[in-house]
Amino acid sequence: MNSSAAVKPASRSSLTGEGYRQLRQYGAVALLIGGLVLTVTNGMSWGYALGGALLGLLLWKPLHGILVFYSAISVYPVLRVISISLRPTDGLLSRSLDIIPPGATFNSFVELFTEEEFLRWVWNSLTITIAVSLIGIAISATGAYAFSRWRFPGRRPMLIFLLTTQMLPASMLLIPIFVIVAQLNLTNNVLGLVLAYTSTAVPFSIWILKGYYDTIPPDLEEAAMVDGCQRMEAFYKVILPLSTPALSIVFLFNFLAAWAEFLVAKVILQSNAVMTWSLGLNELIGTFNTDWGKYAAGSVLVTLPVLLLFMWQSKYLISGLTLGSVKG
Amino acid sequence: MEFSGLSGEIILGTLGQILPLIIGIIIGIIALEVGMYLFLARVVKTKHALPFTLLAPAIIAITLFMVYPLIFNVLLAFSDLKRSTFPCYSPVALGACELDHLYGLDYAIKNFTDVFFRVRDGEILGWGRLLRTADSTFPVLLGRTIMWTVANVIFHFTIGMGLALIMNMKIRFKGIYRALIVIPWAIPGVIVGLTWKQEFHAQYGFVNVLIQALGGQAISWLDDPAAAFVAVVFVNIWLGVPFYMVMLLGGIQSIPGDYYEASEIDGANAWQRFNRITMPLLRPIIIPAITLDVIWTFNRLDIIFLITGGGPQESTNILVSALYNAAFGPAATQQLGFAAAFSIIIFLILFAFALVWITTSGGLKEIYDR
Amino acid sequence: MSRSKTLLFALLFLLVLGAFSVSAQDSVNLVIWSQDGDANNVVLAEQFAVWAEAVSPGSTLEIVQKETEVLRNDVLTAGLAGSGLPDLILGPNDAIGVYEDAGLLLGLDDLIDTSMYPYNLGAAQIGGVTYGVPTNAGNHLMLMYNKSLVAEAPQTWEDLIAAARAFEEANPDLQGFAYNLNEPFWFLPFVHGFGGTTYAEDGSMVLDSESWVNAYQFVQDLKFVEEIVPEECDYACADALFKEGSVAMILNGDWAIAEYLDVEKSPALGENLAVAPWPVLPNGERPKPFTAGKFISIPVTTADAQLDAAVSFVTWLTTDPAAVEAYAVGTGRLPAIAAVTVDADVDPILAASNEALASGVGMTSDPTLRCMWDSVRPNLEGVMSNSMTAADAAMEAQIAAEECLEG
Chain G
1 MNSSAAVKPA SRSSLTGEGY RQLRQYGAVA LLIGGLVLTV TNGMSWGYAL GGALLGLLLW
61 KPLHGILVFY SAISVYPVLR VISISLRPTD GLLSRSLDII PPGATFNSFV ELFTEEEFLR
121 WVWNSLTITI AVSLIGIAIS ATGAYAFSRW RFPGRRPMLI FLLTTQMLPA SMLLIPIFVI
181 VAQLNLTNNV LGLVLAYTST AVPFSIWILK GYYDTIPPDL EEAAMVDGCQ RMEAFYKVIL
241 PLSTPALSIV FLFNFLAAWA EFLVAKVILQ SNAVMTWSLG LNELIGTFNT DWGKYAAGSV
301 LVTLPVLLLF MWQSKYLISG LTLGSVKG
Chain B
329 MEFSGLSGEI ILGTLGQILP LIIGIIIGII ALEVGMYLFL ARVVKTKHAL PFTLLAPAII
389 AITLFMVYPL IFNVLLAFSD LKRSTFPCYS PVALGACELD HLYGLDYAIK NFTDVFFRVR
449 DGEILGWGRL LRTADSTFPV LLGRTIMWTV ANVIFHFTIG MGLALIMNMK IRFKGIYRAL
509 IVIPWAIPGV IVGLTWKQEF HAQYGFVNVL IQALGGQAIS WLDDPAAAFV AVVFVNIWLG
569 VPFYMVMLLG GIQSIPGDYY EASEIDGANA WQRFNRITMP LLRPIIIPAI TLDVIWTFNR
629 LDIIFLITGG GPQESTNILV SALYNAAFGP AATQQLGFAA AFSIIIFLIL FAFALVWITT
689 SGGLKEIYDR
Chain H
699 MSRSKTLLFA LLFLLVLGAF SVSAQDSVNL VIWSQDGDAN NVVLAEQFAV WAEAVSPGST
759 LEIVQKETEV LRNDVLTAGL AGSGLPDLIL GPNDAIGVYE DAGLLLGLDD LIDTSMYPYN
819 LGAAQIGGVT YGVPTNAGNH LMLMYNKSLV AEAPQTWEDL IAAARAFEEA NPDLQGFAYN
879 LNEPFWFLPF VHGFGGTTYA EDGSMVLDSE SWVNAYQFVQ DLKFVEEIVP EECDYACADA
939 LFKEGSVAMI LNGDWAIAEY LDVEKSPALG ENLAVAPWPV LPNGERPKPF TAGKFISIPV
999 TTADAQLDAA VSFVTWLTTD PAAVEAYAVG TGRLPAIAAV TVDADVDPIL AASNEALASG
1059 VGMTSDPTLR CMWDSVRPNL EGVMSNSMTA ADAAMEAQIA AEECLEG
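Chains as they are written, first to last, in the numbering used here: chain G, 1 to 328; chain B, 329 to 698; chain H, 699 to 1105.
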């Protein structure tokens, strides 16, 4: 985005004056050394050194300190899951904070593939998720276009209604959705879940896409159209390519939502053959099993790809969600 | 050749299901749209033929899986469905039906009053228990839900805004920070919930290990009502900050720099610039973001469900988790008419809030009237 | 352009292949919803294979595992929808009352000769009609210990406390004793041991008698006075600690035995596993676990060939002596018919489990029992976090139960 528009740092603030800066640097070094000393005197527990380094950073470069601190809060639980997945079976419950545990092993990963039907679960989730994302986009892209470009009777109530759908408590939907899916005879099948997920994804997708279309000047497509058919041609040739950022955001959102869902899946899916990873992993630490190692290994495997995709897309995420909302 | 439950045959089988579905639905949509367009344009002769046509698939999908469930629940709330009357409502259950009517206002009145009051022989004895403790009454749960929502939204917003402002400054490693800070957003809720539950374990969770390493006292996170509530609120804040950070950062970045330069010449300080330029210009982002966040947080079931299950002593339940427990949890009584009435009341509270909020804030005008 | 066409054709070809790969079969495909654990379901599947080979070659049994509440909800939801019910349900007997109340189970007296089950059947009978047949006797909690950590089973709670303390002093990183602290199913044996019951003689529910107060006090003292249980421990915690050898003694049910004997899943156990009856309380009585067993029921929607096969398989599984014995040995649980007995020399675990079973109390299938479980749970949580006194917990549980029974 427009990074040149960034706000200038407040240079007049007294804390950034040259003298203070020197002082803060010395303080930071002192904290770092203090942490190291405590580490050594406490039998090499590196937590002290890390704490000292963080406090030092906060003093020396407060902004970086805050960001590093918050990033650590975001990342640490993920590192913990990775750490648990590497623990040996006889050391799953442990008070150790080591990221690489003593006796680290990939056994949990191996067992996950050989003893559980993990690949099958992932494959099921993947097909459901991709189907939901594609169908969801197809439905919302056109719907959002109608909301963005026409003033028709019932438009405003319908837009409010889209927001209203977000207010239905999830537990309210479970029984009726099961009844529909059971009556369509789709309980041992992924199709029922695909239909249910797609419908729940549509309202929010339309909302985001409409906001984005609104920022595209209508003159662009008006040039080429006279009647309905040509209008649709203009939509496909002009609007859709221009909305790639928003479309990819919507795809990402729907993908993530369907990928991670488990309440509805638990009610609808009644066959092991169509089990998704969220149900499978949940069962690993259910009432009867407590396979923390396998569970953690599975979590790492299903999270990392999506996580990397998300981190890689994080820049576009920012523009896709809000572009054009602020009128300069 | 099967490995980890997957074989070529299974892949083919699933593709055989999914691909026709996708293709079929897309062909179906196109056929429906063409047919509907021709019908509307040629037969009905409305000038709105095209927008209606374009909206049709979305409306059908939403009707089937969101409007129908709503109607279904309204019907249930007007029924006397419980275990002993199951044969009246189920097409397969055996046994005689002893009700003279299946749906009626009398049932609805009973179901809706049961959500609020304990009634015996037509007399109100006090607040009714939605679950099994004296504190699981409607006003207590509503109060806790409001606390949960307000705490979450305030922290989401302030932390998200703080991070967005810092990230907008000229600072190095921005891309790395951004990528790390969005992480909680990308982790599936099931994993977030179950992982944090484990990390709040009094003995083995890292939270207590850290507290003790820093010289503090271990806290029974999941056994102590107040601590358990703090724990679930904390996790939900952790989850929600990235959404705000991303939304607000996007907004701040699109504010033209000359606005700030002009005000700097006028001698405005950082707070004045934030208050007079950033906040007003971000309004179109902040209002919808808060609206959605309030709705989502109010209705957020998974974190509480996975971490505390509403316990200990039913003390971390909010309305939606109490509803889930009343309808499906260990304490479920299978009084589905009552559960439906309960769910409708939750929905109506949110709906009323949204109406008031949207009309007073006026912030969604942008979305409707553009 | 041509490349994408080729791809499309390839996909279409695969589709056609996929459609034809599912061929028709004459044999029966049964679905069972099972509340049992993985290891036990494996035994069930093996047994089905034996049956199918002899009686109905090519038949399959799909076992869908469901937790207690999920099973109960799903059966009711499917019953409401009118479709989607399985052919068989395997679960604890207290849910049978719920399903029967809703009219979702077939009476089995005309289908299976119920005289073949000399005991235990009453737990699945309502109004004289049988709604489930037992796959095993038991489902009872007992003391389990790791022989490599403690030499022998403590006879009294005093012994147990001393043994746990001694063990923790010798092994500061390990735990002497742990169990599912906040779950009423683990608490009721104490109540029974102190002389309490759920229903009074007139049939009313009494949860605030002196025995209940004593039991609350006893478990609270175990945690806060004796300090021999972990600060916080649920099923997963006790189970995981035991399997990895980090706790010497736990309380758990017969359903877990199969998994504990499997060294792959329980690296510290296997041969080291030993079981014993509950230690004696200070009043000289043993705590009495609830007993019943897991029962197989048949939902109303099972019909025709499915029903015939289901009845045939269930009858064979639960009454054929060889099948019953294989199932009992495989799952480590006690057989439910008298024709098969347990020899302590052949299987010491089963024999000890049998001994523990003898002190048990039969669990009713009356659906109002739920009101007891649900009313006790939050108050037990209060006692175990030391935020409620034993007397208050008993009083609150009684009030909650009365309101629950009202409707």
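The beta carbon of each residue, even a glycine, is placed where N, CA and C say it ideally should be.
Check your understanding: Using a Cβ-Cβ distance under 9 angstroms, would H:GLY801 count as near chain B?
Key -> yes
**Study point:** C-beta contact flag for B:LEU334 and G:LEU191 at 9 angstroms
**Key:** no
Check your understanding: By the 10 Å Cβ neighbour count, where 16 or more other Cβ atoms means buried, how is G:ARG80 classified, buried or exposed?
Key -> buried
Practice item. Give a yes or no on whether the C-beta atoms belonging to G:LEU240 and G:ILE206 are separated by under 9 angstroms. Key: In this structure, G:LEU240 keeps its C-beta atom at 9 angstroms or more from the C-beta atom of G:ILE206.
**Study point:** Nearest-angstrom beta carbon gap, H:VAL973 and H:ALA1054 [assumed within contact, 8 angstroms]
**Key:** 7 angstroms
Check your understanding: What first and last residue would you give for the beta strand (DSSP E) that runs through B:TRP455?
Key -> 451–455
Point to revise | Min CB distance H:GLY756 to chain B below 9 angstroms | key: At a cut-off of 9 angstroms between beta-carbon atoms, H:GLY756 makes no contact with chain B.
Exercise for review: Could you name the residues that DSSP lists as bridge partners for H:GLN823?
Suggested key: H:THR828
Review point. Cα separation between G:ILE285 and H:TRP953?
Key: 16 angstroms
Check your understanding: In chain G, which residues lie less than 7 angstroms from B:LEU550 when you measure between Cβ atoms?
Key -> Simply none; closest approach about 15 angstroms.
Exercise for review: Could you tell me the distance, in whole angstroms, from the CA atom of H:TRP910 to the CA atom of H:VAL917?
Suggested key: 11 angstroms
Exercise for review: Measure the alpha-carbon distance for B:PRO512 versus B:VAL520 and round it to whole angstroms.
Suggested key: 8 angstroms
Check your understanding: Which full runs of the alpha helix (DSSP H) of 4+ residues lie inside the stretch 548–636 of chain B, going along the chain?
Key -> As for any alpha helix (DSSP H) of minimum length 4 sitting wholly inside the stretch 548–636 of chain B, the runs are 553–581, 585–593, 598–601, 607–626, 630–635, ordered along the chain.
Exercise for review: Within 10 angstroms of the Cβ of H:GLU957, are there 16 or more other Cβ atoms? Answer buried if so, exposed if not.
Suggested key: buried
**Study point:** Run of the alpha helix (DSSP H) containing H:VAL911, from where it starts to where it stops
**Key:** 908–922
Exercise for review: Please list, in chain order, all residues of the same chain as B:ILE605 whose beta carbon is under 8 angstroms from its beta carbon, the five residues on each side excluded.
Suggested key: Contacts found: ILE583, TYR587, TYR588, SER591.
**Study point:** Helix, strand or coil at H:GLU983 according to DSSP, with G and I counted as helix
**Key:** coil
Check your understanding: Could you give the residue range of the beta strand (DSSP E) that holds H:ILE994?
Key -> 992–995
**Study point:** Segment limits, alpha helix (DSSP H) that includes G:SER248
**Key:** 244–260
**Study point:** Beta-carbon proximity list for G:VAL302, same chain, < 7 angstroms, skipping 5 on both sides
**Key:** VAL122, TRP277
Point to revise | Per-residue DSSP class, three states only, for H:GLN745 | key: helix
Point to revise | chain H within 9 angstroms of G:SER271, Cβ atoms only | key: yes
Review point. Under 9 angstroms between C-beta atoms, does B:GLU426 make it to chain H?
Key: no
Exercise for review: Return the CA-CA distance between B:PHE528 and B:ILE635, expressed in angstroms with no decimal places.
Suggested key: 9 angstroms
Check your understanding: Whose C-beta lies closer than 7 angstroms to the C-beta of H:ASP906 among residues of the same chain, with five residues either side of it excluded?
Key -> ALA1092, MET1093, ALA1095, GLN1096
Practice item. Report all residues from its chain with a CB closer than 8 angstroms to the CB of H:GLU760; omit the five preceding and five following residues, and keep chain order. Key: Here H:GLU760 has ASN727, LEU728, VAL729, ILE730 as same chain residues with Cβ atoms under 8 angstroms from its own Cβ, once five neighbours each way along the sequence are excluded.
Point to revise | For H:TRP731, the first and last residue of its enclosing beta strand (DSSP E) | key: 727–732
Check your understanding: What residues in its chain sit with their C-beta under 8 angstroms from that of G:ILE135, if we drop five residues either side in the sequence?
Key -> VAL194, THR198
Review point. Looking at the C-beta of B:ARG472, does it have a partner C-beta in chain H at a distance below 9 angstroms?
Key: no
Point to revise | Min CB distance G:SER74 to chain B below 9 angstroms | key: yes
Point to revise | Close Cβ partners of B:VAL443 (< 8 angstroms) along its chain, the five nearest in sequence each way excluded | key: GLY456, LEU458, PHE466, PHE666, ALA669, PHE670, ILE673
Check your understanding: In this structure, what does DSSP give as the bridge partners for H:GLY789?
Key -> H:PHE993
Review point. Taking 8 angstroms as the cut-off, is the CB of G:GLY35 close to at least one heavy atom of the ligand ADP?
Key: Within the structure as shown, the ligand ADP is missing, as the structure has no ligands at all.
Practice item. Could you spell out the range, first to last residue, of the alpha helix (DSSP H) harbouring B:THR316? Key: The question about residue 316 of chain B has no answer here: the residues shown for chain B are numbered 329 through 698.
Check your understanding: For H:ARG1068, is the classification buried or exposed, using 16 other Cβ atoms within 10 angstroms of its Cβ as the cut-off for buried?
Key -> Under this definition H:ARG1068 is a buried residue.
Review point. For H:SER719, does the count of other Cβ atoms within 10 angstroms reach 16, so buried, or fall short, so exposed?
Key: The predicted position of H:SER719 is uncertain, since its pLDDT is 41 and thus under 50; no value can be drawn from it.
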